[in-house]
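Number of protein chains: 2
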Amino acid sequence: MDAGAPKFRRRKADRPAEIVQAALAVFAEKGFAAAKLEDIARQAGVSKGAIYLYFETKEDIFRAVVGQAIAPNVVAVKAMAAAHPGPLADLLRGVTGHIAGIVTHTPLGCVLKMVVGEARNFPEIARVWHDELVSQALGTLTAAIAAAQARGEVKPGDPRIYALQLIAPLLVAVLWRETFVPVGAEPFDLPAVMSQHIDTLLLGLLTEGARP
Amino acid sequence: MDAGAPKFRRRKADRPAEIVQAALAVFAEKGFAAAKLEDIARQAGVSKGAIYLYFETKEDIFRAVVGQAIAPNVVAVKAMAAAHPGPLADLLRGVTGHIAGIVTHTPLGCVLKMVVGEARNFPEIARVWHDELVSQALGTLTAAIAAAQARGEVKPGDPRIYALQLIAPLLVAVLWRETFVPVGAEPFDLPAVMSQHIDTLLLGLLTEGARP
DNA sequence: TGTTACTAAACGGCCAGTCAGTTATTTAGA
DNA sequence: TCTAAATAACTGACTGGCCGTTTAGTAACA
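For the protein sequence lines, the chains are A and B, in the order given. For the first sequence, the numbering used here gives the first residue as 1, with consecutive numbering after it. For the second sequence, the numbering used here gives the first residue as 1001, with consecutive numbering after it.
What follows is the structure, encoded as structure tokens:
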């Protein structure tokens, strides 16, 4: 045993974030129920007991993981909407491109899958995600579309459904990646999907006068 | 104790189907891991031990549940495609209407959610669903769109992405129903979504000559 | 009376959560 | 600056309960 190397360090401040990050990886791979605290602890570089210095229960960790993924995104979406007061087409390209970037380079897709999968067992998590993220994002998009309708840019129709139409292919492509690509399915190229989707949908969405 | 009423009946032929149906209900509500054999047994009207006369393990039941949801649908989709050799618009309205009906009146939506949620833990189930149902359906739709492109009905573009664009709102609306509606989210009206979606998307999809 | 579908109780492995002890770090006294 | 006592972050072995699975026995039906 190397006398100079301590067996562990006391790093109270950093532990919670490290544990949450480790838990995200393990939950994303196994799902909530099949994830073992032992695995989370090992991944975080602590013992199982140490986790309980910072979290009450396993569910508590899950809540922290899911909650953490929300905050940075909701502000981003709203800022994006505010930044494009002009033609709807600009806004849509900006927003969808931004979301596509988030979804490819962060574990948001994994978390989404977990929220869908565990919604029945953790209704309060589904509620938080809906109230604070999904509903906000959809509402922002819906409002932007309704405003464009008022300006005469967009044809009549339910703006909430238009918003759904816009983001649905992105979500499905992400779930496809998480679900079927690991078993050999051909992936979808996210930028290509969104590019073609926006091009196609805008033609049906915009009034004649608003087309480029 | 009523002497005339037997404690149980011997109904070997019916048990498997009853157990699978009960398991579907319990799995759909709780997810695979949180579902208890005890609950499935009670719902099916048998004892826990009886289940093991017909299934090897809990996973075995899950496989039966998921597999059962596949067969009736894949044939339906292919028949639908074969029945509409004419203009793409007819086919799309037929197919999406049909799928919307299935998804509202059968537990396919629940099963889809389960497949997404448990794909990592049961890769062979994800594979079966992909190979036998999802990929088939998407492939059929893609082929129909490609054929329409060859006829000059549909604009250039990746037909597989067009297919994704077409069905994505339906899938998201279903997952929305399963995930967020139970916690107070406003549901989407599936027929309204598909009607507006087809109307809008076709405008962007069809060539000028093919528009009604 | 024999066969076997079925029940109910018991088993055992797994794992979230606990706890008594250990070690890093801080504080305070010399 | 060194040392010792005090503090609390951390470890790892342990446990209690839950639940999938087994099995010995029972009851339905031919």
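Virtual Cβ for every residue (Gly too), placed ideally from N, Cα, C. No experiment lies behind these values; they were computed from the predicted model shown.
Query raised in the report: Within the 7 Å Cβ cut-off, does A/A34 reach chain B?
Result: Numbered from 1 along the first sequence, position 34 holds the residue referred to as residue 34 of chain A. The beta-carbon of A/A34 is placed less than 7 Å from the nearest beta-carbon of chain B.
Query raised in the report: Looking at the C-beta of B/Q1196, does it have a partner C-beta in chain A at a distance below 7 Å?
Result: Position 196 of the second sequence, counted from the start, is the residue given in the question as residue 1196 of chain B. It does; some Cβ of chain A falls within 7 Å.
Query raised in the report: B/R1127 and B/T1142: beta carbons closer than 7 Å?
Result: In the second sequence, the residue the question calls residue 1127 of chain B occupies position 127. In the second sequence, the residue the question calls residue 1142 of chain B occupies position 142. Their beta carbons are not under 7 Å apart, which means B/R1127 does not touch B/T1142 by this criterion.
Query - Own chain residues within Cβ distance below 6 Å of A/D2, not counting five before or after - result: One-based indexing of the first sequence puts residue 2 of chain A at position 2. Below a pLDDT of 50, predicted positions are generally treated as unreliable, and A/D2, at 49, falls in that range; no measurement from the model is reported.
Query raised in the report: Going by alpha carbons, who is nearest to A/L166 out of A/A150, A/T104 and A/S195?
Result: In the first sequence, residue 166 of chain A corresponds to position 166, counting from 1. If we check each option's Cα against that of A/L166, A/S195 comes out closest.
Report task. Report the three-state DSSP secondary structure of A/V154 (helix, strand or coil). Result -> Taking the first sequence and counting its residues from 1, one reaches residue 154 of chain A at position 154. Reduced to three states, the DSSP call for A/V154 is strand.
Query - Same chain, Cβ closer than 6 Å to A/A22, neighbours up to 5 away in sequence not counted - result: The residue given as residue 22 of chain A occupies position 22 in the first sequence. Within the same chain, A/A22 has close Cβ partners I40, Q43 and A44.
Query raised in the report: If we call anything under 7 Å between Cβ atoms a contact, is B/V1193 one with B/T1140?
Result: For the purposes of this step, residue 1193 of chain B is identified with residue 193 of the second sequence, where counting begins at 1. For the purposes of this step, residue 1140 of chain B is identified with residue 140 of the second sequence, where counting begins at 1. It is not a contact, given that the beta carbons lie outside the stated cut-off.
Query raised in the report: Exposed or buried, which one is B/V1065 when buried takes at least 16 other CB atoms within 10 Å?
Result: For the purposes of this step, residue 1065 of chain B is identified with residue 65 of the second sequence, where counting begins at 1. Buried is the call here.
Requested in this report: Name, in chain order, the residues that DSSP records as bridge partners for A/L206.
Outcome: Looking up residue 206 of chain A in the first sequence gives position 206. Per DSSP, the beta-bridge partners of A/L206 are A/V154.
Query raised in the report: Which term fits B/H1197, buried or exposed, when burial requires 16 or more other beta carbons within 10 angstroms of its beta carbon?
Result: Taking the second sequence and counting its residues from 1, one reaches residue 1197 of chain B at position 197. Label assigned to B/H1197: buried.
Query raised in the report: Secondary structure at A/Y54, three-state DSSP: helix, strand or coil?
Result: As a first step, residue 54 of chain A is located in the first sequence; it is residue number 54 there, counting from the start. Residue state, collapsed to three classes: coil.
Query raised in the report: Name the chain A residues that come within less than 8 Å of B/K1113, Cβ to Cβ?
Result: Counting from one through the second sequence, the residue named residue 1113 of chain B turns up at place 113. Ordered by position in chain A, the residues that pass the 8 Å Cβ test against B/K1113 are V116 and G117.
Requested in this report: Would you mind telling me which residues of chain A sit closer than 7 Å to B/E1029, beta carbon to beta carbon, in chain order?
Outcome: Start at 1 with the first residue of the second sequence, and residue 1029 of chain B comes out as number 29. Chain A residues near B/E1029: R120.
Query raised in the report: Leaving out the 5 sequence neighbours to the left and right, which residues in its chain are closer than 8 Å to A/G94 when beta-carbon positions are compared?
Result: Start at 1 with the first residue of the first sequence, and residue 94 of chain A comes out as number 94. M80, A83 and H84.
Query raised in the report: the segment 1076-1098 of chain B: which residues have C-beta closer than 8 Å to a C-beta of chain A, in chain order?
Result: none
Requested in this report: Taking only heavy atoms of the ligand NAP into account, decide whether any of them is closer than 6 Å to the Cβ of B/R1120.
Outcome: Questions concerning the ligand NAP fall outside what the structure shown contains, since it holds no ligand whatsoever.
Query - Inter-residue spacing [alpha-carbon to alpha-carbon] between A/V115 and A/F188 - result: Start at 1 with the first residue of the first sequence, and residue 115 of chain A comes out as number 115. Start at 1 with the first residue of the first sequence, and residue 188 of chain A comes out as number 188. Cα-Cα distance, rounded: 22 Å.
Requested in this report: Closer than 7 Å by C-beta to B/P1016: which residues in its own chain qualify, once you throw out the five before and the five after it? Chain order, please.
Outcome: Your numbering for residue 1016 of chain B matches position 16 in the second sequence. Scanning its chain for C-beta atoms nearer than 7 Å, with the 5 sequence neighbours on each side dropped, one finds around B/P1016 the residues Y1054, in chain order.
Requested in this report: Could you check which residue in B/A1100, B/P1107, B/G1101 and B/V1183 has the C-alpha nearest to that of B/Q1068?
Outcome: Mapped onto the second sequence, residue 1068 of chain B falls at position 68. Closest by alpha carbon: B/P1107.
Query raised in the report: Just the Cα atoms here: how many angstroms apart are B/I1019 and B/V1026?
Result: Walking along the second sequence from the start, residue 1019 of chain B turns up at place 19. Walking along the second sequence from the start, residue 1026 of chain B turns up at place 26. Their Cα atoms are separated by approximately 10 Å.
Report task. Can you give me the Cβ contacts of B/E1153 inside the same chain, cut-off strictly under 7 Å, excluding the 5 residues immediately before and after it? Result -> To locate residue 1153 of chain B, count along the second sequence from 1; it is residue 153. Here the set comprises P1087, L1088, L1206, T1207 and A1210.
**Report entry** chain B within 7 Å of A/F62, Cβ atoms only
**Finding:** In the first sequence, residue 62 of chain A corresponds to position 62, counting from 1. So no, A/F62 is outside the interface.
Requested in this report: Could you list which residues in chain A have their beta carbon closer than 9 Å to that of B/G1184, in chain order?
Outcome: One-based indexing of the second sequence puts residue 1184 of chain B at position 184. The contacting residues are R127, H130 and D131.
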